[in-house]
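Worksheet: one structure, shown below.
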Amino acid sequence: MREVIGATVASTFDEIKKRAESHWHELRDDQMPVILVGTATCGRAAGALEVLQAVKDVVGKKSIDCLITEVGCLGHCYSEPLIIIRKPGYPSICYGHVTPVLAENLVINLLLNDDPSLEFVLGALEENELIPSFSDFPRARYEKRILLKNCGQIDPDDIDHSIGNGGYQGLVKTLRMKPEEVVEEVKRSKLRGLGGAGFPAGEKWEVCRRSQGEPKYLICNGDEGDPGAFMDRAILESDPHSVLEGMIIAGYAIGARHGYIYVRAEYPLAVQKVQNAIRQAAELHLIGENILGSDFSFDITLFQGSGAFVCGEATALIASIEGKPGIPRHRPPRLATKGLFGKPTVLNNVKTLAYVPHIIKNGVDWFAQMGTEKSKGTAVFALAGKIVNTGLVEVPMGTTLRQLLFQVGGGIPKGKRFKAVQIGGPSGGCLPEEALDIPIDFDSLQERGAMMGSGGMVVLDEDDCMVEVARYFLDFTQKESCGKCTLCRLGTKQMLEILEDITKGRGKIEDLKTLEELAEDIKMGSLCGLGKTAPNPVLTTLRYFGDEYEAHIKEKRCPALMCQSLTAYYILPEKCARGCDACVGTCTVEAISTDPKRRIKVIDQEKCVKCNTCMVACPPQYDAVVKLSPPDRVPKSK
Amino acid sequence: MAEEEIEVTEKTKEVLERLGNQRSNLIPILQQIQEEFGYLPPDAMPEVARFLNIPEIDVYSVATFYNQFRLTPPGKHSIKVCMGTACHVKGGHITLEAWQRRLKVGPGETTPDREFDLDTVACVGCCAMAPVTVVDKKVEGKAGPTRVDGILLSYQMQKEKEGKETL
Chain P
9 MREVIGATVA STFDEIKKRA ESHWHELRDD QMPVILVGTA TCGRAAGALE
59 VLQAVKDVVG KKSIDCLITE VGCLGHCYSE PLIIIRKPGY PSICYGHVTP
109 VLAENLVINL LLNDDPSLEF VLGALEENEL IPSFSDFPRA RYEKRILLKN
159 CGQIDPDDID HSIGNGGYQG LVKTLRMKPE EVVEEVKRSK LRGLGGAGFP
209 AGEKWEVCRR SQGEPKYLIC NGDEGDPGAF MDRAILESDP HSVLEGMIIA
259 GYAIGARHGY IYVRAEYPLA VQKVQNAIRQ AAELHLIGEN ILGSDFSFDI
309 TLFQGSGAFV CGEATALIAS IEGKPGIPRH RPPRLATKGL FGKPTVLNNV
359 KTLAYVPHII KNGVDWFAQM GTEKSKGTAV FALAGKIVNT GLVEVPMGTT
409 LRQLLFQVGG GIPKGKRFKA VQIGGPSGGC LPEEALDIPI DFDSLQERGA
459 MMGSGGMVVL DEDDCMVEVA RYFLDFTQKE SCGKCTLCRL GTKQMLEILE
509 DITKGRGKIE DLKTLEELAE DIKMGSLCGL GKTAPNPVLT TLRYFGDEYE
559 AHIKEKRCPA LMCQSLTAYY ILPEKCARGC DACVGTCTVE AISTDPKRRI
609 KVIDQEKCVK CNTCMVACPP QYDAVVKLSP PDRVPKSK
Chain R
19 MAEEEIEVTE KTKEVLERLG NQRSNLIPIL QQIQEEFGYL PPDAMPEVAR
69 FLNIPEIDVY SVATFYNQFR LTPPGKHSIK VCMGTACHVK GGHITLEAWQ
119 RRLKVGPGET TPDREFDLDT VACVGCCAMA PVTVVDKKVE GKAGPTRVDG
169 ILLSYQMQKE KEGKETL
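Spelled out as structure tokens, the structure:
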């Protein structure tokens with residue numbers, strides 16, 4: 009029976025694949041020039057849509073025979089907007105920091121005048137004789153792109169691009185296997201949940217498969233709420249079909265008939281791309297009744313979140329789909345036995361599901377050779393904050409933090425000193441320089457008090473105050489606490505007030521003890537991950553940066569010069585150029601004036617709002633604006 | 019006033035007709051009503067409750083739990099300042115203060131002339147462009163205090179231009 013179905017599935021898919029590949033090869037085969045413009049959200053923020061319009065205009069104006077395609081995010085967010093021009097006889101050349109005018113020139117230069125404008129090149133996509141390729145970058149030694157392979161290279165709105173690059177082949181293989189075999193395969197691969205907790209995916213699936221109750225549900229968690237994390241957004245925007253394929257495979261394995269993909273409201277573009285992808289997949293019978301002619305039926309509904317961080321928690325997310333406020337509930341019963349609408353449910357993160365097709369297609373051994381003993385495969389991280397190469401990276405598990413931040417991420421900009429890296433968002437922790445040589449995997453990070461979390465990494469340098477960073481996270485979790493558990497609701501508020509006092513110079517030394525006690529109580533007395541992990545940023549900063557807390561309390565001084573109440577801006581008279589009015593012109597509150605007698609610029613401390621604009625505006629050759637802490641170090645003007 | 023009420027009820031009914039009356043449709047229904055009016059009008063709430071056959075308080079409990087829903091009419095332009103981690107370390111709070119200073123309203127408020135809405139957003143996922151402000155639906159990257167003045171100026175100029183055209 010299974011063989012007959014398998015043959016039908018294979019022949020149905022072969023036809024789809026043939027057509028998709030011929031369409032894809034139009035783009036790839038060296039016949040016509042192709043211009044790819046990255047228009048994911050990060051690109052748009054940098055002006056990619058204007059660049060796209062400029063490209064369209066110049067191609068129309070000069071009647072250039074070429075294809076223009078919108079693609080997703082290549083991960084090199086530090087040099088957005090990006091365009092890639094592929095001309096027969098040349099490698100695919102990627103240009104960074106493109107403006108509309110530059111885009112016009114690049115297109116004319118390469119396509120009409122055979123000039124690759126080497127001065128604007130970021131890198132070539134393939135190895136070649138002419139231009140250094142991305143694989144020659146030092147970071148390429150550490151990177152391994154599996155989930156991000158297609159991101160930024162294919163049009164997310166065109167399913168043929170996905171299929172032309174091996175998409176849905178895992179599904180075809182799945183439909184030729186028994187569901188139990190699929191579960192077994194994922195179990196053997198030791199794939200762990202990439203949403204942060206690291207729970208073995210195969211085990212979840214098995215419990216759900218064996219549970220009584222119909223219909224079963226599969227949910228993809230795309231409620232990437234951690235501030236500083238944007239991997240799931242990039243994958244959903246750039247390669248949505250990889251996630252859908254994973255969902256269909258998982259649905260088949262656990263015996264589900266319906267799937268939900270939960271995307272947060274703050275990601276409107278991701279919602280749009282996923283919606284379109286679902287529609288296209290349904291047209292080709294990859295979703296819906298009797299998928300590819302088999303006896304398996306599965307549909308996928310997109311559910312838009314409504315802006316509640318706690319909905320990233322599985323039971324809260326389910327409450328949200330059921331039309332209730334997103335308040336977590338006690339577990340057990342586990343979701344695999346009693347989940348959405350009281351039926352057995354599996355909930356996996358975007359990245360976990362996107363990995364499934366690769367594992368099915370390439371086999372368990374392929375997957376197991378990457379990573380460490382207990383954490384297999386690769387991990388995707390979003391690098392942000394004070395780091396040169398902000399953007400997305402994918403490295404095998406077990407890469408050290410130092411390699412990731414300094415080799416792949418390019419280190420700290422402006423010659424500043426590294427201070428800490430904040431991993432895992434509000435649930436994670438801040439790790440200092442000493443911890444940089446630990447390998448990145450689920451267990452090592454947890455030992456140090458941080459966690460893998462969703463994979464957001466925010467790098468902090470010497471200008472960042474660790475007390476302020478801890479306060480920031482507490483402020484976040486306190487606002488996002490759903491209010492169900494008393495200790496989470498009131499405890500985080502207490503901790504926040506103490507931290508606010510410390511950053512304003514009103515802290516007492518015994519506060520540090522109270523913070524630690526409160527932290528333990530909140531961890532013990534909270535039901536869900538939000539409360540259990542909320543104190544982590546405070547605990548790790550107390551553990552690794554206790555001296556900064558003490559400076560705030562004992563000396564009323566912020567060592568990083570970040571806490572606004574404890575710092576003041578001052579213009580050094582001996583450095584001020586006198587004739588230059590840069591700071592006066594730029595001050596947003598007119599707090600800077602010229603002292604008529606001494607002819608130097610003076611800041612009115614009463615008016616100053618400490619917005620840092622004058623410090624940025626002061627020409628580097630003078631560098632006269634400084635920050636002082638505590639504020640009483642500013643000399644009194646005569 | 020009565021006319022407005024009727025309009026709200028009519029349009030709400032149109033939205034409700036598009037969707038089924040399962041409880042699980044409550045959030046999509048509220049999202050579509052907000053899409054229609056820019057906020058959740060009080061007159062729409064009893065309609066929704068009746069349609070789903072649930073108490074009105076359940077509709078309000080969902081509407082007030084989620085950050086995305088608003089119960090007051092929005093201003094003409096929406097300003098959303100990103101409060102994500104990356105934006106914070108690059109001065110997102112300073113940008114918010116700059117908006118507050120210029121618009122003279124706090125987060126969650128609307129200017130008296132109903133031109134601008136100021137609000138914060140948890141993270142729009144453009145951390146590489148920090149600090150970020152979402153103006154209407156456009157994401158403005160590297161938006162420091164001087165950029166705030168620039169954005170406001172462009173709106174003012176646009177308004178003046180429109181004023182001249184209508185004269």
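Protein chains in written order, with the numbering used here: chain P, 9 to 646; chain R, 19 to 185. Quick reminder that beta carbons are idealized off the backbone N, C-alpha and C, glycines included.
| message | So Phe306/P and Gly267/P are supposed to be a Cβ contact under 8 Å. How far apart are they, rounded? | response | As a working mapping, residue 306/P is identified with position 298 in the first sequence. As a working mapping, residue 267/P is identified with position 259 in the first sequence. Right, the Cβ-Cβ distance comes to about 6 Å (below 8 Å), so this counts as a contact.
| query | Any beta-carbon of chain R closer than 8 Å to the one on Gln486/P? | reply | Residue numbering aside, residue 486/P sits at position 478 when the first sequence is read from its first letter. No - not a single Cβ of chain R is within 8 Å of the one on Gln486/P.
| field | Asp167/R versus Lys487/P - alpha carbon distance | value | Here residue 167/R refers to the residue found at position 149 when the second sequence is read from its first residue. Here residue 487/P refers to the residue found at position 479 when the first sequence is read from its first residue. Rounded to whole angstroms, Asp167/R to Lys487/P spans 29 Å at the Cα level.
| request: Grab the span of the beta strand (DSSP E) containing Asp303/P for me, first residue to last. | output: For this step, residue 303/P is matched to residue 295 along the first sequence. DSSP places Asp303/P outside any beta strand (DSSP E), giving it a letter other than H or E.
| message | Give me the subset of the stretch 323-336 of chain P whose CB atoms are less than 9 Å from a CB atom of chain R, sorted by chain position. | response | Taking a C-beta cut-off of 9 Å against chain R, the contacting residues of the stretch 323-336 of chain P are Ser328, Ile329, Glu330, Gly331, Lys332, Pro333, Gly334 and Ile335, listed in chain order.
| field | Stretch-stretch touch, CB-based, cutoff 8 Å, three pairs: the stretch 618-634 of chain P with the stretch 565-584 of chain P | value | Look at the beta carbons and you see the stretch 618-634 of chain P touching the stretch 565-584 of chain P: at least three pairs across the two are nearer than 8 Å.
| task | Could you check if Lys618/P is buried or exposed, using at least 16 other CB atoms within 10 Å of its CB as the buried criterion? | result | Position 610 of the first sequence, counting from 1, holds the residue named residue 618/P. Lys618/P is buried by the Cβ-count criterion.
| Under 8 Å between C-beta atoms, does Ser435/P make it to chain R? | Walking along the first sequence from the start, residue 435/P turns up at place 427. Not closer than 8 Å to any Cβ of chain R, the Cβ of Ser435/P fails to qualify, so no.
| Glu230/P versus Gly320/P - alpha carbon distance | Taking the first residue of the first sequence as 1, we reach residue 230/P at position 222. Taking the first residue of the first sequence as 1, we reach residue 320/P at position 312. The sequence shown places Gly at residue 230/P, rather than the Glu named in the question. In this structure, the CA atom of Gly230/P is about 8 Å from the CA atom of Gly320/P.
| What residues of chain P sit near Leu44/R, judged by a beta carbon separation below 7 Å? | Taking the second sequence and counting its residues from 1, the one referred to as residue 44/R is at position 26. At a beta-carbon threshold of 7 Å, the residues of chain P lying near Leu44/R are Gly331, ordered along the chain.
| task | Rounded to whole angstroms, what's the CA-CA distance from Leu412/P to Lys152/P? Just pull it up for me. | result | For the purposes of this step, residue 412/P is taken as residue 404 along the first sequence, with counting starting at 1. For the purposes of this step, residue 152/P is taken as residue 144 along the first sequence, with counting starting at 1. When rounded, the distance between both Cα atoms is 12 Å.
| Counting only beta-carbon atoms, is Tyr57/R nearer than 8 Å to chain P? | Taking the first residue of the second sequence as 1, we reach residue 57/R at position 39. The Cβ of Tyr57/R sits no closer than 8 Å to any Cβ of chain P.
| said: Counting only Cβ-Cβ distances shorter than 8 Å, please list the residues of the stretch 107-131 of chain R near chain P, keeping chain order. | reply: Within the stretch 107-131 of chain R, the residues whose Cβ lies closer than 8 Å to some Cβ of chain P are Val107, Lys108, Gly109, Ile112, Glu115, Ala116 and Arg119, listed in chain order.
| query | Between the Cα of Ile167/P and the Cα atoms of Gln288/P, Gln572/P, Glu188/P and Pro89/P, which residue gives the shortest distance? | reply | If you number the first sequence from 1, residue 167/P lands on position 159. Distances from the CA of Ile167/P to each of Gln288/P, Gln572/P, Glu188/P and Pro89/P were compared; the closest alpha carbon is that of Gln288/P.
| Looking at the C-beta of Arg479/P, does it have a partner C-beta in chain R at a distance below 8 Å? | In the first sequence, the residue the question calls residue 479/P occupies position 471. For Arg479/P, no CB of chain R lies under 8 Å from its own CB, so it is not counted at the interface with that chain.
| What are the boundary residues of the alpha helix (DSSP H) that Met239/P is part of? | As a working note, residue 239/P is residue 231 in the first sequence. That run of the alpha helix (DSSP H) goes Met239 to Ser246.
| query | To which residues of the same chain is Pro163/R closer than 7 Å at the C-beta, ignoring the five residues directly before and after it? | reply | As a first step, residue 163/R is located in the second sequence; it is residue number 145 there, counting from the start. Taken in chain order, the residues that qualify are Ile112, Thr113 and Ala116.
| Within 7 Å of chain R by C-beta, residues of the stretch 251-266 of chain P in sequence order | Nothing from the stretch 251-266 of chain P brings a Cβ to less than 7 Å from some Cβ of chain R.
| message | Using a Cβ-Cβ cutoff of 8 Å, what residues of the stretch 408-430 of chain P are near chain R? List them in chain order. | response | Hits within the stretch, in order: Gln430.
| field | Opposing strand residues paired with Ser141/P [DSSP bridges] | value | Within the first sequence, residue 141/P is the residue found at index 133, counting from 1. The secondary-structure analysis by DSSP pairs Ser141/P across a beta bridge with Ala132/P.
| For Thr103/R and chain P, any beta-carbon pair shorter than 8 Å? | Position 85 of the second sequence, counting from 1, holds the residue named residue 103/R. Thr103/R belongs to the set of residues whose beta carbon lies under 8 Å from a beta carbon in chain P.
| task | Over the uninterrupted alpha helix (DSSP H) stretch that includes Gln454/P, give me the two end residues. | result | Your numbering for residue 454/P matches position 446 in the first sequence. Taken as a continuous stretch (DSSP letters only), the alpha helix (DSSP H) holding Gln454/P covers Phe450 to Glu455.
| query | Taking the alpha helix (DSSP H) that Cys216/P falls in, what are its first and last residues? | reply | In the first sequence, the residue the question calls residue 216/P occupies position 208. Where Cys216/P is concerned, the enclosing alpha helix (DSSP H) stretches over Ala209 to Arg218.
| Touching or not, the stretch 86-98 of chain P and the stretch 172-181 of chain P, by the rule of three or more beta carbon pairs under 8 Å? | Contact fails: fewer than three Cβ-Cβ distances are below 8 Å.
| message | Measuring only the C-alpha atoms, how far is Val33/R from Gln283/P? | response | Working through the second sequence from its first residue, we reach residue 33/R at position 15. Working through the first sequence from its first residue, we reach residue 283/P at position 275. Here the alpha carbons of Gln283/P and Val33/R stand approximately 19 Å from one another.
| Along chain P, which residues have their Cβ under 9 Å away from the Cβ of Arg41/R? | In the second sequence, the residue the question calls residue 41/R occupies position 23. The answer, in chain order, is Glu330, Gly331 and Lys332.
| query | Pick from Ser19/P, Gly104/P, Val12/P and Met532/P: whose alpha carbon is nearest that of Gly55/P? | reply | To locate residue 55/P, count along the first sequence from 1; it is residue 47. The closest CA to that of Gly55/P, considering only Ser19/P, Gly104/P, Val12/P and Met532/P, is found on Gly104/P.
| query | How would you call Glu381/P, buried or exposed, if buried means at least 16 neighbouring beta carbons within 10 angstroms? | reply | Residue numbering aside, residue 381/P sits at position 373 when the first sequence is read from its first letter. So Glu381/P ends up on the exposed side.
| request: Taking Asp472/P as the query, report the chain R residues whose CB atoms sit under 8 Å from its CB, ordered along the chain. | output: On the first sequence, position 464 is the one that residue 472/P refers to. Residues of chain R passing the Cβ test: Val107.
| task | Reducing DSSP to helix, strand and coil, say where Thr386/P ends up. | result | By 1-based counting over the first sequence, the position of residue 386/P is 378. It is a strand residue.
| request: Measure from the alpha carbon of Lys516/P to the alpha carbon of each residue in Val546/P, Val388/P and Tyr557/P, then state which is nearest. | output: Residue numbering aside, residue 516/P sits at position 508 when the first sequence is read from its first letter. For Lys516/P, the nearest C-alpha among the options comes from Tyr557/P.
| query | For the stretch 136-152 of chain P, which residues have a beta carbon sitting closer than 7 Å to at least one beta carbon of chain R? | reply | Close to chain R, meaning a Cβ-Cβ distance shorter than 7 Å, is no residue of the stretch 136-152 of chain P at all.
| said: I need the boundaries of the alpha helix (DSSP H) containing Thr407/P, first residue and last residue. | reply: Translated into the one-based positions of the first sequence, residue 407/P becomes position 399. Counting along the chain, Thr407/P sits inside no alpha helix (DSSP H), nor does DSSP assign it H or E at all.
| field | Whole runs of the beta strand (DSSP E) within the stretch 345-387 of chain P, excluding any shorter than 3 residues | value | Taken in chain order, the unbroken stretches of beta strand (DSSP E) that lie wholly in the stretch 345-387 of chain P and span 3 residues or more are 353-357.
| task | State the start and end residues of the unbroken beta strand (DSSP E) segment that holds Pro440/P. | result | Mapped onto the first sequence, residue 440/P falls at position 432. In the DSSP assignment, Pro440/P falls within the beta strand (DSSP E) that extends over Gly437 to Pro440.
| query | Exposed or buried, Pro653/P, counting other C-beta atoms within 10 Å across all chains shown (16 or more means buried)? | reply | The question about residue 653/P has no answer, for chain P in this structure spans 9 to 646.
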